[in-house]
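First up is the structure itself, then whatever we jot down about it.
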Amino acid sequence: MPQSKNPAVGGKNYDPKYSAKGAPNRGGSNNQGSKSPGHRGFRADEGAPKKARWNADERAAKANDRPAYGDRPAYGAGRSERPATGARTERPAYNNDRPARSNDRPSYGDRNNSAPRGDRPSYGDRNDRPARSNDRPSYGDRNNSAPRGDRPSYGDRNDRPARSNDRPSYGDRAPRTDRPAYNNDRNNERPSYGDRNSAPRTERPSYGDRAPRTERPAYNNDRPSYGDRSSAPRTERPSYGDRSERPARTERPSYGDRAERAPRSFEDRAPRRSNDDRPPRRDFGNDRPSRSDDGDSKFYPKRSENGAKPTFAGGDDVVLERLEAIATTASDVVGVTFGDLGLGENIVRELAALGAPSPFPIQAATIPDVLAGRDVLGRGKTGSGKTIAFGAPLVEKLMENNGAKDRKMARKPRALILAPTRELALQIDRTVQPIARSVGLFTTQIYGGVPQYRQVSALQRGVDIIIGTAGRIEDLIDQGRLDLSEVVVTVLDEADYMCDLGFLEPVQRILRQTKKGGQKLLFSATLDKGVASLVKEFLTNPAVHEVAGEDQASSTIDHRVLVIEHRDKSRIIEELVNRDGKTLIFSRTRAYAEQLAEQLEDAGVKATSLHGDLNQARRTRNLQMLTSGRVNVLVATDVAARGIHVDDIDLVIQADAPDEYKTYLHRSGRTGRAGKTGTVVTLIPKQRKRRMDELLDRAEIEASYMSAGPGDAAIQELANV
DNA sequence: AAAAAAG
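Everything in the first sequence is counted per my numbering, starting at 485 for the first residue and increasing by one.
In structure tokens form, the structure reads like this:
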């Protein structure tokens, strides 16, 4: 019997709860509900709301219903026993696969009452958890809130008048969103014990360090709080999300230098490789230019002397194919300030505080057009400052038309930023939020994997900018809790990726919910014709920008290909990772990422993993572990390929070679940042050599090949580059 | 194959 993910209705495994997944018409009023009243999927019948939501009591009851630990699936249970893919939270934790772990620690039964392990405060604290909601200080901000259990339903919350006054700045609050909600974590979604175990016990410095609650993944630790900001020495400030994705001002190659380098003609650049990276689309038909046309500069008009900008003919497939763009060179922006570009004083000041005193080329190129209200396609290589390129003018625009004066409750959001992964959405918010706050606008993150409560309540208080991922945004729309009809600016970050199979349709559905004629901004380091369908439907006469002189020749990345025997892969990786400095390893599958991380840990390497089979709390925490340096090695799937910034990754290992040149570019773009050097090592079996050649060719990357086996000195040298 | 939704 085939393992269909979408069994036919009535099939043995059919579960109405999941039937709407991915279907264009979601919220499926035609779905069957459970016939038994006690079942969570029970549908009382026609008059009922389309989704019967649990109330607090039901939730509590549900929590109590949970089987005792002893009744749960055996810890040794393999993944195959896991329920259908959809049921993430219920699945036995990963670490079930980690038999080694459980040996060196007491049984679960012992654990609850056991004495503190190492220097970690007693687990007693944990067992007391239910009490948390009472003494937990942070929610005290919401001074009047009833205890969780009694809290009014979401629908009632509009009535709370006090909110807008005592609301702490979003800047201060942000970490909470990230934090797995207590209730959920404990009652519904409590990380399985298996999950917990996988935290590297020995390295865990203290309980406080590891609980997401105290540690607040990613935020406070890494940078001074907003309050402290002014006093924090700018230069010492660690990366700030995307901001740091670009070279530190002081360290990047001077523009003068870059300008002097014989500028590689724009004609040679990216568009060429875009031509045949995917099967011909019907849209492009016979008009697809052959590769030999590439050098024909008539497709790439340069900026004319009078500065007149060639325009992009929206809907013209041939032009889009070539992604005709205005190339801005670094020398064009010398001496230009953000103020010159049309940004207001507050924003300019905030940008400086964020470490961006003057615009980068991609920013200088796109900001005026965004402010002018045009649709924009922007391409700038990884770490070239794209987040600010759209974030800052977006805020400026929102402020101009309407302003921050109108802060009424439950106002509808006016801008939307879509990202492909939750981590990226978070990171974008870390950059955009302070800019927005500097002019009194609010942002909120809307992404899955965390309870929706906080997101919904933020919406009900009223936010101006939404930053999130497709699934949860659609979910909230379906629930009637999110209304995009006033969204006048929409940004797609990693826009080409958002047009990939699986993303395109949700993105289209979301864009259709936004205000007609609203401005659309599409950005990506590898922006190409793949966005054609979106451009055609949603954009009007977009301005297309890219930055000249950003090619591999100017890169600080050393690309290596290691031709190896497949059976040696793990050992070679172990040897490569035996070094100082942060290493990011990409794996094709989640399972291998997990396995490899475990293997490295067993070998004494401080390593962890990042992939979609982890719950969001773990994902955030594990990424933070690399950021903070608590681990040196992160093994990730392509969830970490795009946009994610971690300072000082100096080695990227591709345990599995990517299939697409764009993936290669994005993965390798995690290193060599801030003008620092970085190395990318791709492991391939020799039969893959030819494919690899083609891929590198398309990516316009020059890499050196080398054959190696375990123990070869060459590997140690590589590790120490 | 991965990613993106569950109160």
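By construction, the Cβ of each residue, glycine as well, lies at the ideal position given by its N, Cα and C atoms.
Integer-rounded CB distance, given that T1092 should sit under 8 Å from L1060: On the first sequence, position 576 is the one that residue 1060 refers to. On the first sequence, position 608 is the one that residue 1092 refers to. The Cβ separation is near 17 Å, so there is no contact.
Considering only the alpha carbon of each residue, which of L1094, A1139, R1154, G952 lies closest to P1169? Mapped onto the first sequence, residue 1169 falls at position 685. P1169 has its Cα closest to that of A1139, out of L1094, A1139, R1154, G952.
Taking the beta carbon of D634 as the centre, do at least 16 other beta carbons fall within 10 Å, making it buried, or is it exposed? Against the first sequence, residue 634 aligns to sequence position 150. Model confidence at D634 stands at a pLDDT of 35, short of 50, so the residue's coordinates are unreliable and nothing is read from them.
May I ask you to list the residues that DSSP assigns as paired with A1120? Position 636 of the first sequence holds residue 1120. Beta-bridge pairing links A1120 to F1070, L1094.
Using only the alpha-carbon positions, how far apart do Q1079 and G986 sit? Counting from one through the first sequence, the residue named residue 1079 turns up at place 595. Counting from one through the first sequence, the residue named residue 986 turns up at place 502. For Q1079 and G986, the distance between alpha carbons rounds to 26 Å.
Residue range of the alpha helix (DSSP H) that Y931 falls in? As a first step, residue 931 is located in the first sequence; it is residue number 447 there, counting from the start. Counting along the chain, Y931 falls outside any alpha helix (DSSP H), and DSSP gives it neither H nor E.
Count the other C-beta atoms from every protein chain shown that fall within 10 angstroms of the C-beta of P841, then say buried if there are 16 or more, exposed otherwise. Here the question's residue 841 lines up with position 357 in the first sequence. Burial call: exposed.
Can you give the beta carbon distance from G964 to I930, rounded, assuming they're within the 8 Å contact cut? Position 480 of the first sequence, counted from the first residue, corresponds to residue 964. Position 446 of the first sequence, counted from the first residue, corresponds to residue 930. Wrong, their Cβ atoms sit about 14 Å apart, outside the cutoff.
Identify which residue in L988, S922, V1031 has its Cα closest to the Cα of A814. Reading the first sequence from its first residue, position 330 is the one you call residue 814. Comparing Cα-Cα distances from A814 to each of L988, S922, V1031, the minimum goes to V1031.
Based on Cα-Cα distance, which residue from R858, N830, K865, G839 lies nearest to P846? Here residue 846 refers to the residue found at position 362 when the first sequence is read from its first residue. Note that residue 846 is Ile in the sequence shown, not Pro. Ranking the options by Cα distance to I846, first place goes to K865.
Where do the ends of the alpha helix (DSSP H) carrying Q847 lie? Here residue 847 corresponds to residue number 363 of the first sequence, with the count starting at 1. 845-855 is the span of the alpha helix (DSSP H), which, as asked, contains Q847.
With a 10 Å radius around its C-beta and 16 neighbouring C-beta atoms as the bar for buried, classify D1064 as buried or exposed. Along the first sequence, one-based indexing puts residue 1064 at 580. Classification for D1064: exposed.
Looking only at its own chain, which residues have a Cβ that is under 6 Å from the Cβ of A1068, when we skip the five neighbours before and after it? For the purposes of this step, residue 1068 is taken as residue 584 along the first sequence, with counting starting at 1. One detail in the question is off: residue 1068 reads as Leu in this sequence, not Ala. Correct list, in chain order: L1118, I1133, V1136, R1154.
Check for me: the beta strand (DSSP E) holding V1047 runs from which residue to which? Locating residue 1047 in the first sequence gives position 563, counting from the first residue. That run of the beta strand (DSSP E) goes 1041-1048.
Note the first and the last residue of the continuous alpha helix (DSSP H) segment covering K870. The residue labelled residue 870 in the question sits at position 386 within the first sequence. For K870, the enclosing alpha helix (DSSP H) stretches over residues 870-884.
Three-state secondary structure (DSSP) of F1007: Locating residue 1007 in the first sequence gives position 523, counting from the first residue. Looking at F1007 - three-state DSSP - the assignment turns out to be strand.
With a cut-off of 8 Å on the beta carbons, I'd call G1127 and L908 a contact; round off their distance for me. Translated into the one-based positions of the first sequence, residue 1127 becomes position 643. Translated into the one-based positions of the first sequence, residue 908 becomes position 424. With a Cβ gap of about 4 Å, G1127 and L908 count as contacting.
Are there 16 or more other CB atoms within 10 angstroms of the CB of D859, so buried, or fewer, so exposed? Looking up residue 859 in the first sequence gives position 375. That one is buried.
Under the rule that 16 or more other beta-carbon atoms within 10 Å means buried, what is S868, buried or exposed? Here residue 868 corresponds to residue number 384 of the first sequence, with the count starting at 1. By the neighbour-count rule (16 or more Cβ atoms within 10 Å), S868 is buried.
Considering just the uninterrupted stretch of the beta strand (DSSP E) at Q1138, what are its terminal residues? Numbered from 1 along the first sequence, position 654 holds the residue referred to as residue 1138. Its beta strand (DSSP E) spans residues 1133-1138.
Just the C-alpha distance for H1043 and Y1148, rounded to the nearest angstrom, thanks. Numbered from its first residue, the first sequence carries residue 1043 at position 559. Numbered from its first residue, the first sequence carries residue 1148 at position 664. Cα to Cα, the separation comes out at about 11 Å.
Residue interval of the alpha helix (DSSP H) (run including L1149): As a working note, residue 1149 is residue 665 in the first sequence. Segment 1145-1152, the alpha helix (DSSP H) holding L1149.
Nearest neighbour of N830, chosen from A1077, A873, P843, M883 [CA to CA]: Numbered from its first residue, the first sequence carries residue 830 at position 346. The shortest Cα separation from N830 among A1077, A873, P843, M883 belongs to M883.
As a quick exercise: from R863, P904, L878, pick the residue whose alpha carbon is nearest that of V1123. Position 639 of the first sequence, counting from 1, holds the residue named residue 1123. When each option's Cα is compared against that of V1123, the closest is P904.
Is E958 closer than 8 Å to I912 when the C-beta atoms are compared? The count along the first sequence starts at 1 and reaches residue 912 at position 428. The count along the first sequence starts at 1 and reaches residue 958 at position 474. Result no, Cβ atoms of I912 and E958 do not sit closer than 8 Å.
Under 8 Å: do the stretch 1005-1018 and the stretch 967-985 share three or more Cβ pairs, one atom per stretch? yes
Compute the distance between the beta-carbons of D853 and A1009, then report whether it is under 8 Å. Walking along the first sequence from the start, residue 853 turns up at place 369. Walking along the first sequence from the start, residue 1009 turns up at place 525. Cβ atoms of D853 and A1009: not closer than 8 Å.
Where do the N-terminal and C-terminal ends of the beta strand (DSSP E) with L976 fall, by residue? Counted from its first residue, the first sequence places residue 976 at position 492. Run containing L976: 973-977, per the beta strand (DSSP E) assignment.
Where does K892 land, buried or exposed, given buried means 16+ other C-beta within 10 angstroms? Along the first sequence, one-based indexing puts residue 892 at 408. It counts as exposed.
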